[in-house]
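Visitor: In the UniProt record's numbering, the protein residues as written are 1 to 296. Using N, Cα and C, we set each Cβ at its ideal position, and we do this for glycine too. Every value quoted in this text rests on a predicted model; they were computed, and no experiment measured them. Mind having a look at this structure? Questions to follow.
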Amino acid sequence: MTPHHGDAPPSPAPLSPGQDARAPRLLRHSHGVLSLERPKVMGILNITPDSFSDGGRFLARDDALSSARRMIAHGVDVIDVGAESTRPNAEPVPADEEWRRLAPVLAEVIALGTPVSIDTYKADIAARACALGAVIVNDVWGLQKDPAMAETVAGTGAAVIMMHNRESADPDIDILADIDRFFERSMELAARAGIPAERQMLDPGIGFGKTQDQSYQVVNRLEHFSRHGLPLLVGASRKRLIGAVLDVDTEDRLYGSLALHTIAFIKGAAMVRVHNVQPHVDAARIAHATMSEHVG
């Protein structure tokens, strides 16, 4: 298997308004380093029959590989592969079934040479995926669902994305403070397991356990989370908060997704997680040119 060496770090660009000079401007993983000097794009590859957005579309092996190759051709930085839907009210998937879905696809996507993250909150799935060559674990419960996850990630050498989540939304809470407390707990678990800061990234979990108003507040106040000193990922692609404003169905939410993710870049996000790679790569390049005040 070809190691993923990542990007050669370019000359430093000015910080965006939401970035913290303390935050690592790279993400170190088991096969190298992903530079975060420029905004990055993570492409979503769902190997699920019930995802809220493209469920079933990429379940077939050949379709999944074609989609991964297309993302790479369009300039994706990371491919995020998942086999359990995280849509609201989705049925939990047993680990054996999750791996049954992943096994025919994951190794071949990894072999394409672009860094691959595994979207799972289960330590066993994370360990198996990293053994095949996945270099990032994207945990939608921030190391707090499976007690074995933190030590598993530490042992693989993978990077970890720790997302804020709640069982249900509460319109009466201070959502920023709630996310802060959650992040602090996730970072404590990571540190205790021996995962260094350069292998950690945070995700405020747009649309997860939040009202739509709270999700917009989180994007608008994204710079608030720079206090944690870690790079941020934002994933709002095609979510209901976009449909609520634009009154459009899931498949017609690209422009709203682009708008939210561009705002997130300007507010300090290092990476966005998306379904439509090519337009977001273009948006990332324009955001970088604007924030750096430099073409190229």
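Taking 8 angstroms as the cut-off, decide whether the C-beta atoms of Asp139 and Ile161 are in contact.
Guide: As a position in the sequence shown, residue 139 is number 139, starting the count at 1. As a position in the sequence shown, residue 161 is number 161, starting the count at 1. Taking 8 angstroms as the Cβ cut-off, Asp139 and Ile161 qualify as a contacting pair.
Visitor: Going by the beta-carbon positions, is the gap between Val41 and Val272 smaller than 8 angstroms?
Guide: Taking the sequence shown and counting its residues from 1, the one referred to as residue 41 is at position 41. Taking the sequence shown and counting its residues from 1, the one referred to as residue 272 is at position 272. Yes, the pair counts as a contact, with Cβ atoms nearer than the cut-off.
Visitor: What is the C-beta distance between Val219 and Ala264, in whole angstroms, given that I count them as a contact (C-beta under 8 angstroms)?
Guide: Here residue 219 is taken as the residue at index 219 of the sequence shown, counted from 1. Here residue 264 is taken as the residue at index 264 of the sequence shown, counted from 1. Their Cβ separation, rounded to whole angstroms, is 6 angstroms, which keeps Val219 and Ala264 in contact under 8 angstroms.
Visitor: Among Val248, Ala270 and Val277, which one has its Cα closest to the Cα of Leu258?
Guide: Position 258 of the sequence shown holds residue 258. Taking only the C-alpha atoms, the option nearest Leu258 is Val277.
Visitor: Pick out whichever of Leu143, Ile173 and Gly155 has its Cα sitting closest to the Cα of His164.
Guide: Position 164 of the sequence shown, counting from 1, holds the residue named residue 164. Considering only alpha carbons, the answer is Leu143.
Visitor: Which runs of the alpha helix (DSSP H) at least 4 residues long sit entirely within the stretch 97-169? Give them in chain order.
Guide: As far as the stretch 97-169 is concerned, its whole alpha helix (DSSP H) runs of at least 4 residues are 123-132 and 149-156.
Visitor: Met149 and Ala131 - do their beta-carbons sit closer together than 8 angstroms?
Guide: Against the sequence shown, residue 131 aligns to sequence position 131. Against the sequence shown, residue 149 aligns to sequence position 149. Contact flag unset, no.
Visitor: Closest by CA to Arg240, which one among Glu251, Leu233 and Ala68?
Guide: Taking the sequence shown and counting its residues from 1, the one referred to as residue 240 is at position 240. Selected option, being the one with the closest Cα: Glu251.
Visitor: Whole angstroms are fine: how far does the CA of Ala287 sit from the CA of Gly296?
Guide: Numbered from its first residue, the sequence shown carries residue 296 at position 296. Numbered from its first residue, the sequence shown carries residue 287 at position 287. So the two alpha carbons sit approximately 12 angstroms from each other.
Visitor: Got a sec? Which residues, its chain only, sit under 7 angstroms from Ala154 by beta carbon, not counting five neighbours each side?
Guide: Here residue 154 is taken as the residue at index 154 of the sequence shown, counted from 1. Closer than 7 angstroms at Cβ, skipping near neighbours: Ala193, Gly194 and Ile195.
Visitor: Counting along the chain, where does the alpha helix (DSSP H) carrying Arg61 start and finish?
Guide: Taking the sequence shown and counting its residues from 1, the one referred to as residue 61 is at position 61. Unbroken alpha helix (DSSP H) run through Arg61: Arg61 to Ala73.
Visitor: Report buried or exposed for residue 298, applying the criterion of at least 16 other Cβ atoms within 10 angstroms of its Cβ.
Guide: Outside the displayed range of the chain (1 to 296) lies residue 298, so it cannot be described from this structure.
Visitor: By DSSP, does Ser35 sit in helix, in strand, or in coil?
Guide: By one-based count along the sequence shown, residue 35 stands at place 35. DSSP places Ser35 in strand when its eight states are reduced to three.
Visitor: If you draw a straight line from the C-alpha of Arg25 to the C-alpha of Arg285, how long is it?
Guide: Numbered from its first residue, the sequence shown carries residue 25 at position 25. Numbered from its first residue, the sequence shown carries residue 285 at position 285. Their backbone Cα atoms lie some 17 angstroms apart in a straight line.
Visitor: Count the other CB atoms, across all protein chains shown, that sit within 10 Å of the CB of Met291; report buried if there are 16 or more and exposed otherwise.
Guide: The sequence position of residue 291 within the sequence shown is 291, counting from 1. Burial call: buried.
Visitor: Could you pull out every unbroken beta strand (DSSP E) segment of at least 3 residues lying fully inside the stretch 198-250, listed in chain order?
Guide: Runs of the beta strand (DSSP E) inside the stretch 198-250: 200-203.
Visitor: Give me the residue from Val274, Ala236 and Leu202 with the minimum Cα distance to Phe225.
Guide: The residue you call residue 225 lines up with position 225 of the sequence shown. Here the closest residue by C-alpha is Leu202.
Visitor: Going by beta-carbon coordinates alone, are Val81 and Leu102 separated by less than 8 angstroms?
Guide: For the purposes of this step, residue 81 is taken as residue 81 along the sequence shown, with counting starting at 1. For the purposes of this step, residue 102 is taken as residue 102 along the sequence shown, with counting starting at 1. Yes. Within cutoff.
Visitor: Out of His228, Val248 and His275, which one is the CA nearest neighbour of Gly235?
Guide: On the sequence shown, residue 235 is found 235 positions in, with the first residue counted as 1. Minimum Cα distance to Gly235 is reached at His275.
Visitor: Considering only residues of the same chain and omitting the five flanking positions on each side of Asp282, which have a CB-CB separation below 7 angstroms?
Guide: Position 282 of the sequence shown, counting from 1, holds the residue named residue 282. Once the five neighbours on either side are set aside, Asp282 has no close Cβ partner at all.
Visitor: Using only the alpha-carbon positions, how far apart do Tyr255 and His280 sit?
Guide: Counting from one through the sequence shown, the residue named residue 255 turns up at place 255. Counting from one through the sequence shown, the residue named residue 280 turns up at place 280. Taking the straight line joining both Cα atoms gives about 10 angstroms.
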